[in-house]
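K.L.:
Please see the structure below; I have some questions.
Protein chains: 2
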Amino acid sequence: MKLLEDKIAKDGTVLPGNVLKVDNFLNHQVDTKLMDEVGKEFARLFKDEGVTKVVTVESSGIAPAMMAALHLGVPMIFARKHKSLTLTDNLYTASVYSYTKQVSNDISVDKRFLDSNDKILIIDDFLANGQAVSGLLEIAKVANVDVAGIGIVIEKSFQKGREMIEEAGVRLESLARIASLDDEKVEFVKD
Amino acid sequence: MKLLEDKIAKDGTVLPGNVLKVDNFLNHQVDTKLMDEVGKEFARLFKDEGVTKVVTVESSGIAPAMMAALHLGVPMIFARKHKSLTLTDNLYTASVYSYTKQVSNDISVDKRFLDSNDKILIIDDFLANGQAVSGLLEIAKVANVDVAGIGIVIEKSFQKGREMIEEAGVRLESLARIASLDDEKVEFVKD
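From first to last, the protein sequence lines are chains A and B. Using our numbering, read the first sequence as starting at 5 and increasing by one per residue. Using our numbering, read the second sequence as starting at 5 and increasing by one per residue.
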């Protein structure tokens, strides 16, 4: 998505350790017009898949998931993150490891909101090692829902998330794919 | 807002302890069409106030804040919640007490995103005792930004948040105002 790549090139900042800082338009301050276009693009890509719900993880996934779901005309669910719970009878849960924070947290979705008639589109702001997506795929499996695909705003293609998703046989659409952040420069994957 | 009141009456559940559960359309699963209407209504109410940014707190405020900001044509910022930090040089922070969880957390906004030319609209999903709003008002004061007003999706009018905001002299617009949840029934404030 050219609009998004241009925005990343112009306003993104590369920090040491392969960190791409985009908190000025994606995950702290949000460029709402851009997010609307992001949502439209996800809707265009997945419009023929029979998506019944869009699912993401709080908090940074909510804005793009909201816009994708609005343009698809379906509800959006954001999985909650929390420390491991003892009472989980009414929840689908999965454990998600954060490489950045080096801790595991549970994510959960209330069982009332997913059933075997659902076909979900998973949306997230970033794909790096694929831990959050992996947790949502685990929840989808236990809930017995179909997965139409995964939509990512920014993919770090040099990390292993894409490989994991391809191995799982799930369709992946990333609106911007970053080949490298070496020398503090953003290099996109060539089409 | 009739559409919202009807939705609360139909799909909200009252739990003991004056808890209104609306996780099926507002703060876990989100009715995206309703949220679009909520955003339009906030934009209509505040369109003449010169709002430059919409500010909320993660996570449940993000969806209504996103839609309000989109319809106002401005960026949206979601303050981050976290344990108290030691390094806060680049952040505006405030402490927010949660009556539900009985803990205090800090909320923060990066200093790059607010300056004295800004006029913000504060949006949140719920207003009860006004702790989150109070934290955002504190940040606005330290950042020296004007506050155009506060937009709330559901106000529990029997708790003290409204009084606090009125005492602060800030305009408050709540799309649904709940007078009472006694006997596990939702009673709205009469116009």
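Beta carbons are placed, not taken as given, at the ideal position from N, Cα and C, and that holds for glycine.
Any beta carbon from chain A within less than 7 angstroms of Phe117(B)'s own beta carbon?
P.N.:
At a cut-off of 7 angstroms between beta-carbon atoms, Phe117(B) makes contact with chain A.
K.L.:
What number of angstroms, rounded off, separates the C-alpha of Val42(A) from the C-alpha of Ala180(A)?
P.N.:
The straight-line gap from Cα to Cα measures roughly 10 angstroms.
K.L.:
At which residue ranges does the region 7 to 45 of chain B contain complete beta strand (DSSP E) runs of 3 or more residues, listed in the order of the chain?
P.N.:
Runs of the beta strand (DSSP E) inside the region 7 to 45 of chain B: 17 to 19, 23 to 25.
K.L.:
Quick check on Thr36(B) - is its C-beta less than 7 angstroms from some C-beta in chain A?
P.N.:
yes
K.L.:
With a threshold of 16 other CB atoms inside 10 Å of the CB of Leu19(B), please say whether the residue is buried or exposed.
P.N.:
exposed
K.L.:
At least one CB of chain B closer than 7 angstroms to the CB of Met70(A): is that the case?
P.N.:
yes
K.L.:
Span of the beta strand (DSSP E) holding Met71(B)?
P.N.:
It is not in any beta strand (DSSP E) - Met71(B) instead sits in the alpha helix (DSSP H) that spans 66 to 76.
K.L.:
If we define contact as Cβ-Cβ less than 7 angstroms, is Leu74(B) a contact residue for chain A?
P.N.:
yes
K.L.:
If you check the beta carbons only, do Thr90(B) and Asp110(B) fall under 7 angstroms apart?
P.N.:
no
K.L.:
Anything in chain E within Cβ reach of Gln33(B), meaning under 7 angstroms, just list it in chain order.
P.N.:
Any reference to chain E falls outside this structure, whose protein chains are A and B.
K.L.:
For Ile127(A), would you say it is in contact with chain B, using Cβ-to-Cβ distances shorter than 7 angstroms as the test?
P.N.:
no
K.L.:
How many Å lie between Val34(B) and Asp40(B) at the Cα?
P.N.:
11 angstroms
K.L.:
Say whether the region 68 to 75 of chain B touches the region 112 to 132 of chain A, bearing in mind that this needs 3 or more beta-carbon pairs closer than 8 angstroms, one atom from each stretch.
P.N.:
no
K.L.:
Mind pulling the chain B residues with CB within less than 8 angstroms of Met39(A)?
P.N.:
Neighbours of Met39(A) on chain B, chain order: Met70, Leu74.
K.L.:
So for Asp129(A), helix, strand or coil by DSSP?
P.N.:
strand
K.L.:
With Ile169(B) and Phe46(B) assumed to form a contact (beta carbons below 8 angstroms), what rounded beta-carbon distance in angstroms separates them?
P.N.:
With a Cβ gap of about 16 angstroms, Ile169(B) and Phe46(B) do not count as contacting.
K.L.:
May I have the straight-line CA-CA distance separating Ala183(B) from Ala132(B), to the nearest angstrom?
P.N.:
12 angstroms
K.L.:
Could you tell me whether the Cβ of Ala152(B) comes closer than 7 angstroms to any Cβ of chain A?
P.N.:
no
K.L.:
Suppose the cutoff is 7 angstroms on Cβ atoms and the five residues either side in sequence are ignored; what does the same chain contact list for Arg84(A) look like?
P.N.:
Glu62, Ile111, Ser112
K.L.:
Less than 6 angstroms between C-beta atoms, sequence neighbours within five positions excluded: which residues of the same chain meet that for Ile143(B)?
P.N.:
Tyr96, Ala98, Val113
K.L.:
Rounded C-beta distance between Pro79(B) and Lys57(B)? I'm assuming under 8 angstroms.
P.N.:
Between Lys57(B) and Pro79(B) the Cβ distance is about 5 angstroms, and since that is below 8 angstroms, they are a contact.
K.L.:
Measure the C-alpha to C-alpha separation of Gly54(B) and Leu176(B) and round it to an integer number of angstroms.
P.N.:
16 angstroms
K.L.:
Name the residue from Ala152(B), Phe162(B), Asn148(B), Tyr103(B) whose alpha carbon lies nearest to the alpha carbon of Asp52(B).
P.N.:
Ala152(B)
K.L.:
Quick check on this structure: which residue in Leu24(B), Asp27(B), Met5(B), Gly65(B) has the alpha carbon closest to the alpha carbon of Ala136(B)?
P.N.:
Gly65(B)
K.L.:
What residue does the alpha helix (DSSP H) around Met168(B) start on, and which one ends it?
P.N.:
According to the DSSP assignment, Met168(B) belongs to the alpha helix (DSSP H) that extends over 165 to 171.
K.L.:
Among Val190(B), Thr104(B), Asn121(B), which one has its Cα closest to the Cα of Lys145(B)?
P.N.:
With distances taken between CA atoms, Lys145(B) lies nearest to Asn121(B) out of Val190(B), Thr104(B), Asn121(B).
K.L.:
Between the alpha carbons of Asp15(B) and Met5(A), how many angstroms are there, rounded?
P.N.:
38 angstroms
K.L.:
List the residues of chain B that Arg84(A) touches, going by C-beta distances under 9 angstroms, in chain order.
P.N.:
His32, Ser63
K.L.:
Cβ atoms of Lys25(A) and Thr17(A): under 7 angstroms apart, would you say?
P.N.:
yes
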